[in-house]
Every structure is written in structure tokens, then in C-alpha cells.
Amino acid sequence: MAALDTIMNRGPSNKPGKNGISVREKTYSYLKSNILSGRFVQGERLTEEHLAEEIGVSRTPVREALHKLEQDGLIEPLESRGFCVPMDSQEEIEDLFELRAVLEGYTLKIICERITDEQIVKLEEILEKASDALRRKRIDEVFQWNTQFHDTLHGMVADKRRFHNLIVNMRKYVLRYRKDTLQYLGAATRAGDGHRQILLALKLKDPELCERVMRVHIRQSKEDALRTNREAKERGPVTVSAGESPIIL
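With numbering that gives the first Met the number 0 applied, the sequence shown covers 0 to 248.
Encoded structure:
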């Protein structure tokens, strides 16, 4: 079944269905989610023909979706042909991760004061699955479990609606960096070590330690993201096949 059909649970159609969503809108949503999630890495070349084949639609809705994504600032045109996922400046990455360090550090401080034994066990289970995936060098699985670790933590402050929304919105921009950097086994290992330090601080019920440990973890992620960004700029636009997840030692 085509990727778009699988995601949207509907067969292809050029007309809006019962829910009023057209193929063009579905194509746009599919591409946008893949950019924000990091499945399409920075510097990756996006062409109509490859995307149409992957999604299972004609090139027309893909072309329209790409132009809308360009207007949104999520992709940029190439001089030769097609588009690519833009590479942010080092300064933009610095700013984003420093904001994240402050926000998530404070978040973990709050969580420390309310976390239950059952929630700690849940986090332990997630980290064990992430470690197992790393041992098998299944980087996509590592990314999924690491994302679930942070999602589980953030769910513990879901009752603070505005605060939680702020975290969720920031994570939309951070996820693609995490996916890129975790392709490096060293970065994936460091992320796992950071998560174990976070869990230990939570077990010790030390709010100040929790805040410090989270900030250290985020800033280490920042350094990995900066390195990945530099190397992506040196490499230039690349084409990654559907489902491909390169591992870099």
C-alpha cells in the first residue's frame, strides 16, 4: 500500500473524501510531518518523481505541496533541480538548544517533585528497550525509544496546559536534529548515558540535580547537532532512499 494511504488510512482520490481532505492536502501533511520529524534529513534533496513514487500519487499534488512547503520556509529550491531540506545556521541551533536546556531543565525539576514509582519503572523499561536497540544498531528504534522517553516525561506536566504546549511546540523543531545526530553511534550512546543520568536524578528525588542533569544532557545534544550541521553543509545536498537510515561510526 502506498505510504500516503497507510498514513491517512484512505485510498487515493483526487477529490475530497468524507473528511474533506484532498490528495494535495494529504500529500502536504505527509511531507511536512516527515520534515519536522527528521525523517527527511537536513540537506536531503527532494524531487517530485521520487516523492510521487514513494507516496503513491501523481506528481501534481507533490509539486503543489513542495511549493507550499517552500512558502512555509521548510524547504528551499536548488539551483539544479528540486528542493532540499535547509540547513540552519550554527547560531540558530545554539539559540534553539539553549532555550530547550532552560525549559526542559525547569520541567524536570517540576517532574521530580511529583513523579511516582510506577512512572520511574516505565522510564526504566523505555531505556532498556533503547539500549537493546542500540546494541543491535537499530538507529530508527533508538530514535523512537528516546523520543518516547522525553514524551513520557513531558506527559507528567500535561496538566499545566500552556507550559506543556510550549514544550510540545519547541520539540517540533528539535526532533529533526535528534534524528540526524542519532545516526552517529557515538551521539546515540551519549544520549542514552544522559537519559540514565536523568533517571538516576529522579530516583534520588533531587530537584536541583534534575535541573542540572537535564541541562547538561541538552547541551551535549546541542554539540552533536552543531557537528552534524557542519558536516551536512560540507557534504551538500544528498538523496536518501525511502526507509534508508545510514549509520555513521
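Positions of the beta carbon are idealized from the N, C-alpha and C atoms, including for glycine. Because the structure is a prediction, the values reported are computed rather than measured.
Runs of alpha helix (DSSP H) lying entirely within the region 85-161, each at least 4 residues, in chain order: 89-111, 116-134, 138-154
Contacting residues, own chain, Cβ-Cβ under 6 Å from Val215 (five flanking each side not counted): In the sequence shown, residue 215 corresponds to position 216, counting from 1. None.
The region 204-213 / the region 95-111 touching (three or more Cβ pairs under 8 Å): yes
Contact check, Ile125 vs Phe96, beta carbons under 7 Å: On the sequence shown, position 126 is the one that residue 125 refers to. On the sequence shown, position 97 is the one that residue 96 refers to. No. Outside cutoff.
Limits of the unbroken alpha helix (DSSP H) element including Gly191: Locating residue 191 in the sequence shown gives position 192, where the first residue counts as 1. 184-202 is the extent of the alpha helix (DSSP H) around Gly191.
Cβ-based neighbour list, Thr151, same chain, cut-off 7 Å, excluding 5 preceding and 5 following: Position 152 of the sequence shown holds residue 151. Same-chain partners within the cutoff: Lys121, Leu122, Ile125.
DSSP-derived helix/strand/coil call for Arg38: Reading the sequence shown from its first residue, position 39 is the one you call residue 38. Here Arg38 sits in coil by DSSP.
Phe39 versus Ile110 - alpha carbon distance: Here residue 39 refers to the residue found at position 40 when the sequence shown is read from its first residue. Here residue 110 refers to the residue found at position 111 when the sequence shown is read from its first residue. Going by the C-alpha atoms only, they are around 32 Å apart.
Three or more C-beta pairs below 8 Å linking the region 58-75 and the region 31-38: yes
Leu50 versus Leu77 - alpha carbon distance: Indexing the sequence shown from 1 puts residue 50 at position 51. Indexing the sequence shown from 1 puts residue 77 at position 78. The straight-line gap from Cα to Cα measures roughly 16 Å.
Nonlocal neighbours in the same chain, by C-beta distance under 8 Å from Leu98, ignoring five residues either side: By one-based count along the sequence shown, residue 98 stands at place 99. Correct list, in chain order: Met169.
Where Lys50 falls: helix, strand or coil (DSSP): By one-based count along the sequence shown, residue 50 stands at place 51. With the sequence shown as reference, residue 50 is identified as Leu, and Lys is not the correct amino acid for it. Note: Leu50 maps to helix in three-state DSSP.
Inter-residue Cα distance where the pair is Thr180 and Ala129: Your numbering for residue 180 matches position 181 in the sequence shown. Your numbering for residue 129 matches position 130 in the sequence shown. Their backbone Cα atoms lie some 15 Å apart in a straight line.
Whole-angstrom C-beta distance between Gln89 and Asn228, which should lie under 8 Å: Position 229 of the sequence shown, counted from the start, is the residue given in the question as residue 228. Position 90 of the sequence shown, counted from the start, is the residue given in the question as residue 89. Their Cβ separation, rounded to whole angstroms, is 6 Å, which keeps Asn228 and Gln89 in contact under 8 Å.
Proximity winner among Glu53, Glu52, Glu47, Ile54, relative to Glu63 (alpha-carbon distances): Here the question's residue 63 lines up with position 64 in the sequence shown. That would be Glu47, whose Cα lies nearest to the Cα of Glu63.
Coarse secondary structure for Leu73, derived from DSSP in three states: Residue numbering aside, residue 73 sits at position 74 when the sequence shown is read from its first letter. If DSSP states are grouped into helix, strand and coil, Leu73 belongs with coil.
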